[in-house]
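Enquirer: The sequence shown maps to residues 518 to 744 in the numbering used here.
Idealized CB from N, CA, C, for every residue including glycine.
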Amino acid sequence: MKKRIVIKLSGRIFSTDNVKVLKDYARFLVKISKVCQPIIVAGGGNIARHYINQARSSGADESSLDELGIEISRLNAQLLIYALQHNAYPHPPKTLQEVRIAVDSGCIVVAGGLHPGHSTNGTAALIAEKVKATEFLNATDVDGVYDMDPKKYKKAKKFKRIDLKSLRKMLVHEDSIAGSYDLMDILALKIIERSKIKTRILKADIKSLEKAIKGDSVGTEIILKKK
């Protein structure tokens, strides 16, 4: 059986008008599917944020906004499925059980959100746990974990490795997670910790992902306590 790798893809990838981007990712996923089974979780990105802001201004409650975000992430997932054609499971799974069924089919699986109140980072970690993935790659808008937002501070220092305790401390401060500096969330960290899933945070680009899958050091590795 091929090893299973869960990849959370930044929603930014789906926000571009350049169709070639999705086709490039599809070709990459088909290529790596020869050595592993990729399970992708699509983020909502700017499209989701736009609709959520509009819905909030219109009076929608928070649970409805969660559901809206999930639907948009699933639409993003469906776009990638179209680009993958017959290589992909035909639609985004809606439950963890369906994810398991889809993965057992041997296809490339592309999911969006699953549960209201869970970010797609948390969803990706849950899926990695459910399918017993060997690795979770969180492909974001930044190329790893920094001691401060690198988009705001030029002196920001990147960590090659960081332990869960230190990362958790960073995430409880609003400055570390505000805006687009989307690394991980507390739910995802809890799942990673209990399941001991090998996890890496890296830039959402094909070259970085390819290096990570080959086992090269790229982005930031989350250090886990030994079982």
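DSSP three-state label for L631, please.
Expert: Locating residue 631 in the sequence shown gives position 114, counting from the first residue. Coil, per DSSP.
Enquirer: Taking the continuous beta strand (DSSP E) assigned at T657, which residues delimit it?
Expert: Numbered from 1 along the sequence shown, position 140 holds the residue referred to as residue 657. Per DSSP, T657 belongs to the beta strand (DSSP E) from 652-657.
Enquirer: Give me the Cβ distance between S527 and D658, rounded to the nearest whole Å; I'm assuming they're in contact under 8 Å.
Expert: Taking the sequence shown and counting its residues from 1, one reaches residue 527 at position 10. Taking the sequence shown and counting its residues from 1, one reaches residue 658 at position 141. Going by Cβ atoms, the distance from S527 to D658 rounds to 6 Å, so yes, they are a contact pair.
Enquirer: Straight-line CA distance for S622 to L631?
Expert: Position 105 of the sequence shown, counted from the first residue, corresponds to residue 622. Position 114 of the sequence shown, counted from the first residue, corresponds to residue 631. Approximately 20 Å between the Cα atoms of the pair.
Enquirer: Quick check: the Cα distance between A729 and I740, rounded to an integer number of angstroms?
Expert: As a first step, residue 729 must be located in the sequence shown, where it is residue number 212. As a first step, residue 740 must be located in the sequence shown, where it is residue number 223. Answer to the nearest angstrom: the Cα atoms are 15 Å apart.
Enquirer: Taking 7 Å as the threshold (C-beta atoms), are S725 and I625 in contact?
Expert: Translated into positions along the sequence shown, residue 625 becomes position 108. Translated into positions along the sequence shown, residue 725 becomes position 208. No; because the gap between Cβ atoms is not below 7 Å, this pair is not in contact.
Enquirer: Go ahead and pull the three-state DSSP assignment for I522.
Expert: For the purposes of this step, residue 522 is taken as residue 5 along the sequence shown, with counting starting at 1. Reduced to three states, the DSSP call for I522 is strand.
Enquirer: Going by alpha carbons, who is nearest to S795 out of D733, M665, L582, V648?
Expert: This structure does not reach residue 795, given that the chain is present from 518 up to 744, and the question cannot be answered.
Enquirer: Take A641 as the anchor and find which of S590, K537, K672, V552 has the nearest alpha-carbon.
Expert: The residue labelled residue 641 in the question sits at position 124 within the sequence shown. Nearest option by C-alpha distance: S590.
Enquirer: Return yes when the Cβ of Y568 is within less than 7 Å of the Cβ of L585, no when it is not.
Expert: The count along the sequence shown starts at 1 and reaches residue 585 at position 68. The count along the sequence shown starts at 1 and reaches residue 568 at position 51. Cβ atoms of L585 and Y568: closer than 7 Å.
Enquirer: Where does the unbroken alpha helix (DSSP H) through V558 begin, and where does it stop?
Expert: As a first step, residue 558 is located in the sequence shown; it is residue number 41 there, counting from the start. V558 -> not in any alpha helix (DSSP H); beta strand (DSSP E) instead, spanning 553-559.
Enquirer: Helix, strand or coil: which one does DSSP assign to I739?
Expert: The count along the sequence shown starts at 1 and reaches residue 739 at position 222. The answer is strand: DSSP assigns I739 an E or B state.
Enquirer: Which first and last residues belong to the beta strand (DSSP E) in which K715 is found?
Expert: Taking the sequence shown and counting its residues from 1, the one referred to as residue 715 is at position 198. That run of the beta strand (DSSP E) goes 715-720.
Enquirer: From the DSSP output, which residues share a beta bridge with A605?
Expert: Taking the sequence shown and counting its residues from 1, one reaches residue 605 at position 88. Answer is I625.
Enquirer: Using the C-alpha atoms, what's the distance from A572 back to K731?
Expert: Locating residue 731 in the sequence shown gives position 214, counting from the first residue. Locating residue 572 in the sequence shown gives position 55, counting from the first residue. Distance between the alpha carbons of K731 and A572: 42 Å.
Enquirer: Going by DSSP in three states, V689 sits in which element: helix, strand or coil?
Expert: Counting from 1 along the sequence shown, the entry for residue 689 is found at position 172. Here V689 sits in coil by DSSP.
Enquirer: Hey, could you find the ends of the alpha helix (DSSP H) D541 is sitting in?
Expert: By 1-based counting over the sequence shown, the position of residue 541 is 24. Where D541 is concerned, the enclosing alpha helix (DSSP H) stretches over 536-549.
Enquirer: Suppose you measure from the CA of I524 to the CA of D578; what does that come to, to the nearest Å?
Expert: As a first step, residue 524 is located in the sequence shown; it is residue number 7 there, counting from the start. As a first step, residue 578 is located in the sequence shown; it is residue number 61 there, counting from the start. Rounded to the nearest angstrom, the two C-alpha atoms are 30 Å apart.
Enquirer: On the DSSP letters alone, give me the boundaries of the beta strand (DSSP E) that D680 sits inside.
Expert: The residue given as residue 680 occupies position 163 in the sequence shown. Here the beta strand (DSSP E) through D680 covers 678-680.
Enquirer: Could you tell me the boundaries of the alpha helix (DSSP H) in which A645 lies?
Expert: As a first step, residue 645 must be located in the sequence shown, where it is residue number 128. Here the alpha helix (DSSP H) through A645 covers 637-647.
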